[in-house]
Amino acid sequence: MAVLTASVPTQVQGLPQSNDNFPRRFRNKFPLVLRQIVHKDVIEQWSSDPEHVTCCLNQSVYEQDQGLPQQQKQQQQAQQQLLSQGADSSPPTAQAASEAVQAHTQESLLPVMIAEDTKNFMDHPQFTKKISMTAREIAARVLVRPAWKGTTATDEVSAGNSADTANSDKNNNTTSQRFYYRGMVPSRLYSDLRISDLLNALSLPQETTAHESAPNRDLMRIWISLAGATTPLHYDRCHGILIQLVGRKRFVVFSHEDTSNLYTYDGISGPGHASKVRGLGHCFPFAFTAPSSTLQSL
């Protein structure tokens with residue numbers, strides 16, 4: 001067991017020895033599984049508190065907007081205001097404009113992917129189309145669970161039941177469709193997960209080029225989906241670390257030596273980092289299940 005910093009739980013399992021380096025090609029051999037790395041309070045918040053998840057998702061949208069050029073932010077605010085007005089084309093009053101800005105901050109619309117085949121999700125028009133949902137709707141649909149009385153399912157019970165759906169794309173029938181959200185990792189979650197300490201504990205390799213010398217937070221993402229969502233076979237262009245917060249996710253992992261046999265797209269007729277192979281099942285020997293597929297980070 002590696003010597004861990006004070007900010008990393010002492011019960012973490014699977015870390016390499018302190019004198020080991022994280023091999024450059026480690027991910028192409030066997031996945032490194034770390035257990036009990038996330039504090040139980042964080043898991044509790046993200047698995048059973050829709051209001052907490054909603055606030056964090058809205059925070060991530062606000063933080064992302066702060067980094068956009070002023071002109072682009074104004075365009076997005078104008079689009080948000082039009083969406084909130086709906087069919088009402090009358091000019092907004094000063095009070096209405098102020099309320100629209102406040103609504104933008106509190107209940108932003110997030111881009112959500114809907115799979116064309118209801119199952120396979122990848123950010124490419126060949127696989128998905130995009131609609132808009134509020135953070136509150138996303139949290140409610142993922143975290144709301146049926147309340148059971150005997151053998152009869154009753155209405156869903158959750159704080160998310162009161163979610164305001166007025167700003168959503170109602171014509172897309174989102175209540176019956178499997179969806180997939182990918183966005184920036186909220187600062188609150190980034191801090192709660194102590195990602196910097198985790199990466200330091202892993203002894204990641206020191207690359208030779210400046211742009212590869214440290215983890216890039218801009219590349220970190222949070223993924224939220226309903227049960228049964230599948231990411232088509234693909235490869236990532238950098239080392240990847242997945243932190244599972246809620247649910248379960250099953251992986252099928254192939255060696256880098258098999259890449260040429262996986263029929264990748266050419267980048268023109270399809271995403272260059274994805275494979276044309278479909279219908280992968282449980283017959284592959286390197287499949288494993290990560291504990292805890294609903295909310296994912298990184």
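Counting from 1, one number per residue, gives the positions in the sequence shown under UniProt numbering.
We put the beta carbon where it would ideally sit given N, CA and C, even for glycine.
Work out the CA separation of residue j and residue i for me, nearest whole Å.
i    : j    : result
P271 : F127 : 10 Å
L193 : S275 : 32 Å
I268 : H39  : 43 Å
F121 : A229 : 7 Å
S255 : L233 : 13 Å
C56  : N200 : 25 Å
N58  : E257 : 41 Å
D65  : M133 : 17 Å
G67  : I195 : 21 Å
Y180 : I114 : 7 Å
S187 : E51  : 16 Å
D41  : D49  : 11 Å
Below 8 Å on the Cβ atoms is my guess for residue i versus residue j; work out the distance and round it to an integer in Å.
i    : j    : result
L226 : R136 : About 16 Å separates the two Cβ atoms, so there is no contact after all.
V144 : K130 : Contact flag wrong, Cβ pair sits at about 23 Å.
R221 : V185 : 7 Å
Counting C-beta neighbours from all protein chains within 10 Å, is the total for residue i 16 or more, i.e. buried, or is it exposed?
i           : result
E107        : buried
V277        : exposed
C238        : exposed
residue 302 : Any question about residue 302 goes unanswered here, given that the chain covers just 1 to 298.
F251        : exposed
L245        : buried
L109        : buried
L219        : exposed
S60         : buried
Give every residue of the same chain whose Cβ lies closer than 6 Å to the Cβ of residue i, excluding the five residues on either side of it in the sequence, and list them in chain order.
i    : result
K119 : T230
L177 : Reading the sequence as shown, one finds Gln at residue 177 and not Leu. If we look at Q177 and ignore the five residues flanking it on each side, its Cβ neighbours are I114.
For residue i, which residues from the same chain have a beta carbon less than 8 Å from its beta carbon, with the 5 sequence-adjacent residues on both sides left out?
i    : result
H124 : G270, P271, A274
D236 : H273
E63  : M184, P186, S187
Given the structure, does residue i come close to the ligand HEM, in the sense that its CB is under 7 Å from one of the ligand's heavy atoms?
i    : result
E257 : The ligand HEM is not part of this structure, which contains no ligands at all.
So, at 7 Å on beta carbons, what are the nonlocal neighbours of residue i in its own chain, with the 5 sequence-adjacent residues on each side left out?
i   : result
V53 : W46, A139, L143
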